[in-house]
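J.:
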Amino acid sequence: MAVHEILAALADENRRKILQKLKEGKINSGDLANSLNMTPQALSYHLSKLKKADLIYETKFKNFIYYELNLSVLDEAVMWINELQGGQK
Numbered sequence: 221m222a223v224h225e226i227l228a229a230l231a232d233e234n235r236r237k238i239l240q241k242l243k244e245g246k247i248n249s250g251d252l253a254n255s256l257n258m259t260p261q262a263l264s265y266h267l268s269k270l271k272k273a274d275l276i277y278e279t280k281f282k283n284f285i286y287y288e289l290n291l292s293v294l295d296e297a298v299m300w301i302n303e304l305q306g307g308q309k
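One rule links them: number in the numbering used here = place in the sequence shown (from 1) + 220.
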């Protein structure tokens, strides 16, 4: 995953709120929208950005779509930031 996509996804406050909520565990899209006071359309937009950055993944069960964090992708961004910090001495 490209670091710029990860950082762009994290730059938005709404997407950070979604990630904070997902930190609590797997949740379906309806419950996620309700808990964040977000319309389904707005949530769908932000979820697509987070999925594109591989920060979340979805699983389908019956008529529900559940979302979970995929924090392993942050390793690449953290490594890039660490390299950047190490370059300034």
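Idealized CB from N, CA, C, for every residue including glycine. For clarity, every value in this text was computed on a predicted model and none was experimentally measured.
Can you say whether His-224 is buried or exposed, counting buried as having 16 or more other CB atoms within 10 angstroms of its CB?
T.: Per the 10 Å Cβ criterion, exposed.
J.: Round the Cβ separation of Tyr-287 and Leu-267 to the nearest angstrom and send it over; I've been treating them as touching at under 8 Å.
T.: That pair is a contact at about 7 Å.
J.: Could you tell me which of Leu-230, Arg-236, Leu-242 and Glu-296 sits nearest to Glu-278, measuring between CA atoms?
T.: Looking at the Cα atoms, Leu-242 is the closest of the given residues.
J.: What residue from Pro-260, Asn-257, Leu-275 and Trp-300 has the CA that sits closest to Ser-292's CA?
T.: Nearest option by C-alpha distance: Leu-275.
J.: Thinking C-alpha only, which one of Leu-289, Phe-284, Ala-262 and Gly-250 is nearest Asn-234?
T.: Nearest option by C-alpha distance: Ala-262.
J.: If you draw a straight line from the C-alpha of Ala-222 to the C-alpha of Asp-251, how long is it?
T.: Roughly 30 Å separates the two Cα atoms.
J.: Should Leu-227 be labelled buried (16 or more other beta-carbon atoms within 10 Å of its own) or exposed?
T.: Under this definition Leu-227 is an exposed residue.
J.: Specify the secondary structure class of Asn-248 as computed by DSSP and reduced to three states.
T.: Of the three classes helix, strand and coil, the one that applies to Asn-248 here is strand, per DSSP.
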